[in-house]
Structure formats: structure tokens, C-alpha cells
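Below: one structure, written as C-alpha cells.
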Amino acid sequence: MRSRSPPRPTHHWAVSACLLVAVPAAAQEVLELPGEDRLLELRFEEVYRLGTTAGEAWEQFGNVGDIGFDGAGNLYVLDRQVERVVVAGPAGEFVREFGRKGEGPGEFEEVHGLAVMRDGRAVVSDSRRLVFHIFQADGRVGRTVRMDFTVGVLRIGNFVTQPGADAIIAVPSAADEYMPSISPWLSLSERERLGGTSEMPPPASSHAIERMVLDGRWAETDTIAEGWMPAIDEQATSAWPKRAQSERRLVFAALAFPVLFPDLHRVFRPDFHWGVLPDGSVTFADSSTYTVKIAAIGSGVVRVLRRPIRPEPVTNRIMRAERRRRLDELQANAEPGEDLRDERERIDNLEFHPVVPVIRGLATTWDGHIWVVRRGEEPLSDGPIDVLTADGRYLGSYPAGATAIPDAFGPGGLVAFIETDELDVETVVVKRIVGS
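In the numbering used here, the protein residues as written are 51 to 486.
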């Protein structure tokens, strides 16, 4: 193994301008990682595929939602269209399925998300009933946990189980789905039926990483840490059509769920990327620089990992190229005779973040490695994937194009990808990492 420069630790007590931690301040260890890339080889072997046209009836999916592995290597697939969860064994064999449309125990009125615990239990959120269904490892109905309406599924988005606890972790402000069935402007009687309050959730001003404990009748929420959220572009808001400005629902939604309205953000703004580690802590990236933070329950951010890779300044050439790309895309997707003047004007008036973010994605593996996707040759292209450890080691980088981030990581090097063919048929491909 090639030698690598050791990280240089420092400690500080200052509060970062772009991190608002909702817990007592603690010392943050800052580790400076090497700047030179160390290339890693990545090889996969395919284990099985689910959902192919030649497959059996049980593996035909209508709309694959979330997927996840348990500690035995079983894969759980949420099919949102038929409101069920299918479990496949380590070799791709049928194990069981559970859940269905309905109003009884273990049935879904409107299934939303799935997260799998390492012991085989599964958590399924129901966006109509505003509950989490918890299923036992054998698929039997366990119990339901009610959500507080003010932190309903619309403000949860994707969620992940916290290893070693009856809890899930989510970043509500980073949700990229809009669920009309539980929209904040439901009638008062509908809210009362769901057990909710009449108060609207406040506008999102930061990315709160929330833990929801599911060991009682009601979910109890606390905040692990808060990441920086770029402010909404006020100029873009004022440029909205008057029709939209007059609709209180749209204005509220834009403030409460800014991820749903990308036109209100400056181009190349940094997105929020996060993942959960095996010890229950959370790692996230919230800035344009190469900065990865580790946050622990009750302590907030305890460690910061940095590489000396600078974000590229946004020049006039980059702005012109991005406007041209969007105009070309607009024209290619337009209907014959469609009036595009408003959209062209919006593109002409785009505002830009001053730099292109270094980090484009982040994920955590089953054994606790952190995969960090860097930008590629073009501002919006993916580049190498760095492999880090939570204690601050840089292990190396997979070259650009070696793989996309898997949709699920499992034990023993298992990974799963959701693929869609030219006929929009969804398949789940399970592979094993055999070389690194």
C-alpha cells in the first residue's frame, strides 16, 4: 500500500458562520486530508436482477420507491404503485411480501417511504394516515407510530434508520417530493381527522438533520445539527408571474419547501448531501468547499474533514454556457408552437452563485466509509468518488465514470441500483464490490 500523508488535526471552539447547531457547543476536530488523489480500482460482480420482463410475477414492479438491505443481506423493495414491500433473499429468491392498500393494521392508505433496520424490521411511512408502520423481521405487523402533523411526511422526505435505535433520521428541508395528499393547506376538518394542528410549519432557513424516535405512540423529534441553506433569490421571487404571487399556497410552499422551487435559487448553489454512519452519527456537506462534517447525537458537529480542492469561480464564460445549455434543453422539450418567451426571459435573468461547488454527492456504506462525489470536467458533471473514513482518513478515489452512487448499500460489499430502460421498465440490480 502506498504511504499517504497523515491528517493534520486542529481543534477550535468557534461557531461556523454556516452551521447553526441546536445543541450545546463542543470542540470540533478539524482534519486536513491530502490533496493528491490516490486512485482505487473498483470492480463489481452482478448477483441478481429483479423486475426484468422475463422475471416472475412477484418481482414485477410498478413504481420502485425506496430500497434497502438488512443485516442478513435480504433486499427490501417498496413498490409505491401497488402499495407493497417485496423481500428478496441473498441470491435473489422470493422471501416474502407485506403491506397492501387498505385502512387496516399493516395496510397503507398512501405509502410514501421505506427504511430497513439491520435486524430486519422495516419502517414504512403512510402520507395519508400520517403514521409510521413498523413491521417485524418476519413481515408481521408490529405497531404504528403517529407523526406530529407539523413534521408530517411532506417535511420528512427520504429517511434512514438509525443503527442501534428505534429511530429514523431525515432532513425535511432537503425533500425533493411534493405530496399533495398532506399539503399544508388541507381543510381544518381534514387536519383534525389526522390528529394535526392548524399551525403551518415555518419557512425553512437551514437544513435541520432530525432524529425521530419511534419507541412510543407518537414520534418524538430532536435535532442533531443544522446545515447551511442558501437564501432564496429575492430577485427571482419578485420576477414570479403575478398570478403565482397572488396564490398564497404557492408562496408558502416556496418558502417552506425551497428544494421544490429550484428557480428561486442561484445557479450552482451548493446542495445539501448527507448520510448515516453505523454508529448512528451523521455526515454531511453543506458548502461549496470540500468540507465534510461529522455530527453526533447530543454533541452536534464533532469532526470536520477537508481536502485542499478549491471551488472554481463562476466566470462569464461559464454563465453563458449554462444559459445556452438551458435554452437548448428548453427548446428540445418544447411542444410544437409552445410560447417560450417567459421561460427564455427567466433563463436570461438567471442569478449565479459565485463558485461551482466541489462536492456533488455523498453516501455512506454499510461498513462506515464515506463516498464523496466531486464535480467533473464540466460544472454539472460528476467526477471522481473519494472514499473517506469517519475518523479522518482518505483511502483513495474511484475514477470518474467508474460507478454512480448506489441506491442502497448492504453487508459484505452488496450494493443495489434502480435502473430504468427505454420502455420505462424499472429493474433493481444487485451487485457485489469485489475489488477496491
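Beta carbons: idealized from backbone N, C-alpha and C, even for Gly.
Query                                                                                                                                                                                   : Result
Could you tell me whether the Cβ atoms of Ile259 and Phe334 are closer together than 8 Å?                                                                                               : yes
Mind checking Pro434: buried by the 16 CB within 10 Å criterion, or exposed?                                                                                                            : buried
For the segment 453-466 against the segment 117-135, do three or more pairs of beta-carbon atoms, one drawn from each stretch, fall closer than 8 Å, so that the two count as touching? : yes
Could you give the DSSP three-state label for Gly246: helix, strand or coil?                                                                                                            : Any reading at Gly246 must be qualified, since the residue scores a pLDDT of 49, below 50, and its modelled position is unreliable; the value itself is stated next. Coil at Gly246, not helix or strand.
Taking the straight line between their C-alpha atoms, what separation do you get for Cys68 and Gly277?                                                                                  : Confidence at Cys68 is low in this model, with a pLDDT of 36, below 50, so the placement of that residue is unreliable and no value is reported for it.
Find out if the Cβ-Cβ distance for the pair Arg171, Val181 is shorter than 8 Å.                                                                                                         : no
Check each candidate in Val137, Leu81, Asp87 and Glu91 and name the one with the smallest Cα separation from Ala452.                                                                    : Glu91
Helix, strand or coil: which one does DSSP assign to Pro222?                                                                                                                            : helix
With distances taken between CB atoms, is the gap from Val406 to Pro429 smaller than 8 Å?                                                                                               : yes
Could you tell me which of Arg316, Ile397, Trp268 and Val423 sits nearest to Val342, measuring between CA atoms?                                                                        : Val423
How many Å lie between Glu95 and Gln110 at the Cα?                                                                                                                                      : 23 Å
Quick check: the Cα distance between Gly192 and Gly163, rounded to an integer number of angstroms?                                                                                      : 17 Å
For Met262, report the span of its alpha helix (DSSP H) as first-last.                                                                                                                  : Here Met262 belongs to no alpha helix (DSSP H); instead the beta strand (DSSP E) covers Ser256 to Val263.
Mind the definition here: the segment 409-418 touches the segment 319-331 only if three or more C-beta pairs lie below 8 Å; say whether that holds.                                     : yes
Under the rule that 16 or more other beta-carbon atoms within 10 Å means buried, what is Ser431, buried or exposed?                                                                     : exposed
Provide the residue(s) that pair with Ser447 in DSSP beta bridges, ordered along the chain.                                                                                             : Leu89 and Asp436
Are there 16 or more other CB atoms within 10 angstroms of the CB of Gln295, so buried, or fewer, so exposed?                                                                           : Reliability of the predicted coordinates at Gln295 is poor, the pLDDT of 46 falling under 50, and the value obtained from them is presented with this limitation in mind. It is exposed - the Cβ of Gln295 has fewer than 16 other Cβ atoms within 10 Å.
Excluding sequence positions up to five away, which residues of its chain have a Cβ less than 6 Å from the Cβ of Pro320?                                                                : Ser337, Ser338 and Pro407
When burial is assigned at 16 or more other CB atoms within 10 Å of the CB, is Glu385 buried or exposed?                                                                                : exposed
On the CB-based measure, 16 or more other CB atoms within 10 Å of its CB, does Gln131 come out buried or exposed?                                                                       : exposed
Who does Thr211 pair with in a DSSP beta bridge?                                                                                                                                        : Ile218
Taking the Cβ atom as the reference point for each residue, do Gln78 and Val354 lie within a distance shorter than 8 Å?                                                                 : yes
Answer yes or no: do Phe185 and Phe148 have a C-beta to C-beta separation smaller than 8 Å?                                                                                             : yes
Any chance you could list the beta strand (DSSP E) runs of at least 3 consecutive residues sitting entirely within the segment 129-183, in chain order?                                 : 134-138, 144-148, 161-166 and 172-176
Measuring CB to CB, does Arg150 end up less than 8 Å from Val484?                                                                                                                       : no
Closest by CA to Val437, which one among Ile455, Gly426 and Glu427?                                                                                                                     : Ile455
Whole beta strand (DSSP E) runs in the segment 313-386 with 3 or more residues, listed along the chain?                                                                                 : 323-326, 332-335, 341-346 and 350-356
What is the DSSP secondary structure of Gly118, reduced to helix, strand or coil?                                                                                                       : strand
Can you grab the Cα-Cα spacing for the pair Glu427 / Pro361, in whole Å?                                                                                                                : 12 Å
Please look up how many angstroms separate the CB atoms of Val487 and Val135, rounded, as I've assumed it's under 8 Å.                                                                  : An answer regarding residue 487 cannot be provided, because it is not within the stretch 51 to 486 covered by the chain.
Whose C-beta lies closer than 6 Å to the C-beta of Ile359 among residues of the same chain, with five residues either side of it excluded?                                              : Tyr340 and Val408
Which of helix, strand or coil does DSSP assign to Ile455?                                                                                                                              : coil
For a test of the three-state rule: what should DSSP assign to Trp416, helix, strand or coil?                                                                                           : coil
Are the CB atoms of Val145 and Arg482 within a distance shorter than 8 Å?                                                                                                               : no
Nearest to Arg367 by alpha carbon, out of Glu270, Pro404 and Arg396?                                                                                                                    : Pro404
Return the bridge partner residues of Ala466 from the DSSP annotation.                                                                                                                  : Ala458 and Val480
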